[in-house]
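The block underneath contains the structure these notes are about, expressed in structure tokens.
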Amino acid sequence: LPVGISSCIPALTSSLGKLPHSVEGLGPLAFVSASATHSLRVNYDNLSTLGPDRIANALYTQKAFPTTPRIVISAGTAVVVDGITAQGTFIGGAILPGPTLQLESLHAGTAALPRVSQGSLPIKLPGTSTEQCIRSGVLFGIAGAVSLLVDRLRDTLGNNVAVVSCGGAWPMIENEVTFSSVHVPYCTVIGAALSTKKL
Numbered sequence: 003l004p005v006g007i008s009s010c011i012p013a014l015t016s017s018l019g020k021l022p023h024s025v026e027g028l029g030p031l032a033f034v035s036a037s038a039t040h041s042l043r044v045n046y047d048n049l050s051t052l053g054p055d056r057i058a059n060a061l062y063t064q065k066a067f068p069t070t071p072r073i074v075i076s077a078g079t080a081v082v083v084d085g086i087t088a089q090g091t092f093i094g095g096a097i098l099p100g101p102t103l104q105l106e107s108l109h110a111g112t113a114a115l116p117r118v119s120q121g122s123l124p125i126k127l128p129g130t131s132t133e134q135c136i137r138s139g140v141l142f143g144i145a146g147a148v149s150l151l152v153d154r155l156r157d158t159l160g161n162n163v164a165v166v167s168c169g170g171a172w173p174m175i176e177n178e179v180t181f182s183s184v185h186v187p188y189c190t191v192i193g194a195a196l197s198t199k200k201l
């Protein structure tokens, strides 16, 4: 079987490319890239900067919703919101820092704000402690930003869009966004596997 790999870490990608291809049952390694998007067309200014995770997610939606415009949200270290037209053209989107990056930057970039973990406190507004205010600000802020981005992409793609969500941070914001989505936890993995096939 061929192995699809989607890696956003250049050093790791290079190391994986040097692995021996003699593991029994495994075929060639296929790295997800903008140069191998099969039936997915890509409208992006600099293809070399387009992350393979974003391509893999778009490939998944191409298979799952082939004739529907779609928005895919990946919430992890970064939060990415991308659009794909009904004709199968990836049109780009927006990227913002995920919860961990935001929480860490508030601690590292200020003199007095404490380090707050993602799951240490419930989110509520108004927060009644500095820690709760930080966590609520970050998570409500991300949910609000993602909701606005989905609305703006709907202006481009139309209201009849399929919205797909994935990523480890998604469960923290899914109840606070203003739209519903199809949650596909392994969207990127499935997309990487699909990259080894002709869609």
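Note that the working numbering numbers the sequence shown so that position 79 is 81, with each residue one more than the last. By construction, the Cβ of each residue, glycine as well, lies at the ideal position given by its N, Cα and C atoms. Bear in mind the structure is a predicted one, so any value in this text is a computation, not a measurement.
How would you write the range of the beta strand (DSSP E) that Ile93 sits in, first residue to last?
-> The residue labelled residue 93 in the question sits at position 91 within the sequence shown. Run containing Ile93: Thr91 to Pro99, per the beta strand (DSSP E) assignment.
Throw me the rounded Cβ distance for the Leu61 and Leu49 pair, which I believe falls under 8 Å.
-> Working through the sequence shown from its first residue, we reach residue 61 at position 59. Working through the sequence shown from its first residue, we reach residue 49 at position 47. No, Leu61 and Leu49 are not in contact; Cβ-Cβ is about 15 Å, not under 8 Å.
Cα-Cα, which of Thr112, Pro99 and Leu105 is closest to Gly78?
-> Indexing the sequence shown from 1 puts residue 78 at position 76. Ranking the options by Cα distance to Gly78, first place goes to Pro99.
Ignore the nearest five residues each way along the sequence and tell me which others in His109's own chain have a CB closer than 8 Å to its CB.
-> One-based indexing of the sequence shown puts residue 109 at position 107. Excluding sequence neighbours, His109 sits near Leu115, Pro116, Arg117 and Val118.
Buried or exposed (CB count within 10 angstroms, at least 16 for buried), Ser76 | As a first step, residue 76 must be located in the sequence shown, where it is residue number 74. Classification for Ser76: buried.
Check whether Pro101 and Val140 have beta carbons under 7 Å apart = For the purposes of this step, residue 101 is taken as residue 99 along the sequence shown, with counting starting at 1. For the purposes of this step, residue 140 is taken as residue 138 along the sequence shown, with counting starting at 1. In contact: Pro101 and Val140 (Cβ atoms closer than 7 Å).
Taking only the alpha-carbon atoms, compute the straight-line gap between Val44 and Phe92 and give it to the nearest angstrom.
-> As a first step, residue 44 is located in the sequence shown; it is residue number 42 there, counting from the start. As a first step, residue 92 is located in the sequence shown; it is residue number 90 there, counting from the start. Each residue's alpha carbon lies about 5 Å from the other.
Cys168 and Val148 look like a contact to me (Cβ under 8 Å); what is the Cβ gap, rounded to whole Å?
-> The sequence position of residue 168 within the sequence shown is 166, counting from 1. The sequence position of residue 148 within the sequence shown is 146, counting from 1. Contact flag wrong, Cβ pair sits at about 13 Å.
Taking Ser76 as part of the beta strand (DSSP E), name the residues at either end of that continuous run.
-> Against the sequence shown, residue 76 aligns to sequence position 74. Element bounds for Ser76: Arg72 to Ala77.
Straight-line Cα distance separating Thr112 from Ile136 | In the sequence shown, residue 136 corresponds to position 134, counting from 1. In the sequence shown, residue 112 corresponds to position 110, counting from 1. C-alpha separation (whole angstroms): 12 Å.
Determine the burial state of Gly95: buried for a count of at least 16 other Cβ atoms within 10 Å of its Cβ, exposed for fewer.
-> Indexing the sequence shown from 1 puts residue 95 at position 93. So Gly95 ends up on the buried side.
Could you work out which residue in Tyr46, Thr51 and Phe67 is closest to Gly213 when comparing CA atoms only?
-> Since the displayed the chain opens at 3 and closes at 201, residue 213 lies outside it and no answer follows.
Chain-order list of residues whose beta-carbon lies under 6 Å from that of Leu151 (same chain, five-residue window excluded) | Taking the first residue of the sequence shown as position 1, residue 151 is located at position 149. So the list reads Val83 and Ala96, once near-sequence residues are dropped.
With DSSP as the reference, label Val83 as helix, strand or coil.
-> Position 81 of the sequence shown, counting from 1, holds the residue named residue 83. DSSP places Val83 in strand when its eight states are reduced to three.
Which first and last residues belong to the beta strand (DSSP E) in which Ala164 is found?
-> The count along the sequence shown starts at 1 and reaches residue 164 at position 162. Where Ala164 is concerned, the enclosing beta strand (DSSP E) stretches over Ala164 to Cys168.
Quick one, which of Thr190, Ser138 and Gln120 has its alpha-carbon nearest Leu127's?
-> Here residue 127 corresponds to residue number 125 of the sequence shown, with the count starting at 1. Checking every option, the nearest Cα to that of Leu127 belongs to Ser138.
Compare the C-alpha of Leu103 against each of Gln120, Asn162 and Asp157 and name the closest.
-> Taking the sequence shown and counting its residues from 1, the one referred to as residue 103 is at position 101. For the residues Gln120, Asn162 and Asp157, the minimum Cα distance to Leu103 belongs to Gln120.
Would you mind sorting Pro71 into buried or exposed? The rule is 16 or more other CB atoms within 10 Å of its CB.
-> Residue mapping note: residue 71 aligns to position 69 of the sequence shown, counting from 1. Label assigned to Pro71: buried.
Close-in-space but distant-in-sequence residues of the same chain around Leu201 (CB under 8 Å, 5 per side omitted) = Here residue 201 refers to the residue found at position 199 of the sequence shown. Bear in mind that a pLDDT of 48 at Leu201, under 50, signals an unreliable position, so the number given afterwards is only what the model happens to contain. Closer than 8 Å at the Cβ level, and outside the excluded window around Leu201, lie His40, Ser41, Leu42, Leu61, Gln64 and Lys65.
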